[in-house]
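Participant: The structure is given below, and queries will be raised subsequently.
Residue numbers (the numbering used here): 13 to 445.
So this is what it looks like as structure tokens:
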């Protein structure tokens, strides 16, 4: 990594952390989830490390219409701060971000209507105190091609930036920092098997910055460009339903060189879920100072919940309640909207993907009333001290932590530990050196 790339990353992170910086890390993990256990695990890890935590809500999760969580941006802020207060985590060490903010939730509508709703959404995010905004207008709306020309994407991003800037000034909020990009991976991972990824070309990154500079000037928000801290690119990282494309630094050498010509900017790496610590560290070395993760964390939570359910079945024998997976299967089949467009193949292949896909579309269903009641019943039916031998059998990755006394053998603690295990490689990759 060149000295210029490292300096650019540090400058961008300083803008993101200001004024609450503790120790400026090499990078930061962006936790993109609305699950309370995931948020709690992220806060607990940040507390142990003495670091700021970046929590992001996506446009589909949280918007003025409620999203799939039923929460507006203001609701999400209260939700996060309640969890923080419960575990005595200082709320001033939380940075809230909005991910993929743009017309995506309304892309089946005409562009004018979809963008009008996106403007309302971004205003709600700013008014609720979200400080980091990812402007994503890269998708086509009704009657448009799936991918838009860079100039159109940039003009729409500038339109949203103007709405955000005006809202911040009206509300007396801190002016936000922005992430831009025109080659943005789809939220939640790829829907197809991964063979060869096309890494963003360096000239494409420079063109992205140039067209946004022109668009921001035309929209009268040129000062906001100074608060653009990063660009979303494809460095060669992605996951599909059944496989993961691991980062190969040698393939991204040309892309990384583009940062030498973009003072003060870093790359924001999406879909980094399931990357090992060495690959995550290499991403940071290559200027990707923000590592986004979401499905990988709820995937780890689902593993823990299904392992705990197997323990319940073993303890109860013939008197066991219905398996948690059976309840979730019924819930997902009854409401297929969140997975049917993402899982292909035979009925049996789709069933396996509903529960075990890397894209983890099951995460959309944990807040369903039947699903949440099933999890509550699972926790209630397990003993306070789960036998170590059963933890070894069904939650083997957590067994060493349990017998060492670092993790309590209770259901809730084991779920938090499973999520924390998925977060650990990110801490290793982004920690100060």
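Even glycine gets a Cβ: it sits at the ideal position worked out from N, Cα and C.
Spatial neighbours of residue 324 within its chain, please: CB distance less than 7 angstroms, with the 5 preceding and 5 following residues excluded, ordered by chain position.
Facilitator: Closer than 7 angstroms at Cβ, skipping near neighbours: 332, 390, 393 and 394.
Participant: Mind checking who residue 242 pairs with in its DSSP beta bridge?
Facilitator: Note: residue 242 sits in a beta bridge opposite 191 and 278.
Participant: Give me, in chain order, the residues of the same chain whose beta-carbon lies closer than 7 angstroms to that of residue 89; leave out the 5 immediate sequence neighbours on both sides.
Facilitator: 108, 140 and 141.
Participant: Residues bridged to residue 419 by DSSP?
Facilitator: DSSP lists no partner for residue 419.
Participant: Hey, residue 247 and residue 264 are a contact pair by Cβ (cut 8 angstroms); roughly how many whole angstroms apart?
Facilitator: Confirmed, about 5 angstroms.
Participant: Hey, residue 114 and residue 137: beta-carbon distance below 9 angstroms or not?
Facilitator: No, they are not a contact pair.
Participant: What is the rounded straight-line gap between the Cα of residue 244 and the Cα of residue 214?
Facilitator: Each residue's Cα considered, the two are about 12 angstroms apart.
Participant: Assign residue 307 to buried or exposed, taking buried as 16 or more other Cβ atoms, counted over all protein chains shown, within 10 Å of its Cβ.
Facilitator: Residue 307 comes out buried.
Participant: Using only the alpha-carbon positions, how far apart do residue 146 and residue 400 sit?
Facilitator: Their backbone Cα atoms lie some 44 angstroms apart in a straight line.
Participant: Identify the residues that DSSP records as bridge partners of residue 41: which are they?
Facilitator: Residue 41 is bridged to 303.
Participant: In chain order, what residues of the same chain have a beta carbon less than 8 angstroms from the beta carbon of residue 179, not counting five sequence neighbours either side?
Facilitator: Once the five neighbours on either side are set aside, the close Cβ partners of residue 179 are 134, 135, 138, 139 and 185.
Participant: Could you tell me whether the segment 271-286 touches the segment 24-36, using the rule of 3 or more Cβ pairs below 8 angstroms?
Facilitator: Segments in contact, yes.
Participant: Residues in the same chain with beta-carbon distance under 7 angstroms from residue 219, minus the five sequence neighbours each way, listed in chain order, please.
Facilitator: Cβ within range, chain order: 162.
Participant: Taking DSSP as the reference, what is the three-state secondary structure of residue 81?
Facilitator: Three-state DSSP puts residue 81 in coil, outside helix and strand.
Participant: Counting C-beta neighbours from all protein chains within 10 Å, is the total for residue 437 16 or more, i.e. buried, or is it exposed?
Facilitator: Residue 437 is buried by the Cβ-count criterion.
Participant: Figure out for me which residue from 91, 418 and 82 has the closest Cα to the Cα of residue 67.
Facilitator: The residue with the shortest Cα to Cα distance from residue 67 is 91.
Participant: By the DSSP assignment, the beta strand (DSSP E) with residue 69 in it spans what residues?
Facilitator: First-last of the beta strand (DSSP E) with residue 69: 65-70.
Participant: Below 9 angstroms between beta carbons: does that hold for residue 169 and residue 224?
Facilitator: Taking 9 angstroms as the Cβ cut-off, residue 169 and residue 224 qualify as a contacting pair.
Participant: Any contact between the segment 330-350 and the segment 424-435? By contact I mean 3 or more CB pairs, one from each, below 8 angstroms.
Facilitator: Contact between the segment 330-350 and the segment 424-435 is absent, because fewer than three Cβ pairs lie under 8 angstroms.
Participant: Roughly how many whole angstroms lie between the Cα atoms of residue 217 and residue 267?
Facilitator: Taking the straight line from one Cα to the other gives about 8 angstroms.
Participant: Looking at the structure shown, is residue 249 part of a helix, part of a strand, or coil, going by DSSP?
Facilitator: Residue 249: coil per DSSP, three-state reduction.
Participant: Counting only runs that start and end within the segment 302-336, where is the alpha helix (DSSP H) found for 4 or more residues in a row?
Facilitator: Qualifying alpha helix (DSSP H) stretches, in chain order: 307-328.
Participant: Would you call the segment 356-367 and the segment 294-313 touching, i.e. three or more CB-CB distances under 8 angstroms?
Facilitator: Taking 8 angstroms as the limit for Cβ pairs, the verdict is that the segment 294-313 does not touch the segment 356-367.
Participant: Roughly how many angstroms lie between the CA atoms of residue 311 and residue 363, to the nearest whole one?
Facilitator: Rounded to the nearest angstrom, the two C-alpha atoms are 16 angstroms apart.
Participant: At a threshold of 8 angstroms, does residue 390 count as lining the ligand ATP (C-beta to nearest heavy atom)?
Facilitator: The ligand content of the structure shown is nil, which means the ligand ATP is not present either.
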